[in-house]
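Peer 1: Supplied in structure tokens, the structure appears directly below.
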Amino acid sequence: MSDIAYAPSALPQPIPVREILPWAVFGGLLLLIAIYFIGSEEGAMTLVSGLNTHEFVHDARHLLGFPCH
226 MSDIAYAPSA LPQPIPVREI LPWAVFGGLL LLIAIYFIGS EEGAMTLVSG LNTHEFVHDA
286 RHLLGFPCH
């Protein structure tokens with residue numbers, strides 16, 4: 226009854242920057258594309274003609290504080 230079971234804990238291994246960097250760049254690129262479509266896809270310089278993109282992200286624009294009217 227007085228025996229104590231010892232379970233060694235696994236130490237976290239550091240992740241090299243060379244493995245994280247491609248994912249960080251990819252995530253940053255997705256973030257920039259999302260900010261573009263939510264924030265400025267309307268007006269004279271748009272990639273998509275019409276108001277479909279504007280209507281699709283309309284509530285997100287208000288949630289993030291972008292003016293759209």
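Count along the sequence shown starting at 1, add 225, and that's the number in our numbering.
The beta-carbon is built from N, C-alpha and C at its ideal position, and this holds for glycine as well.
None of these values were measured; they are calculated from a predicted model.
1) Do the segment 256 to 264 and the segment 282 to 289 touch if we need at least three Cβ pairs shorter than 8 Å?
2) To the nearest angstrom, how far is it from the Cα of V242 to the Cα of D228?
3) Locate the alpha helix (DSSP H) running through L276, then write down its first and last residues.
4) Around the C-beta of V250, are 16 or more other C-beta atoms found within 10 angstroms, so that it is buried, or is it exposed?
Peer 2: According to the structure data:
1) yes
2) 43 Å
3) From DSSP, L276 is part of no alpha helix (DSSP H); its letter is neither H nor E.
4) Per the 10 Å Cβ criterion, exposed.
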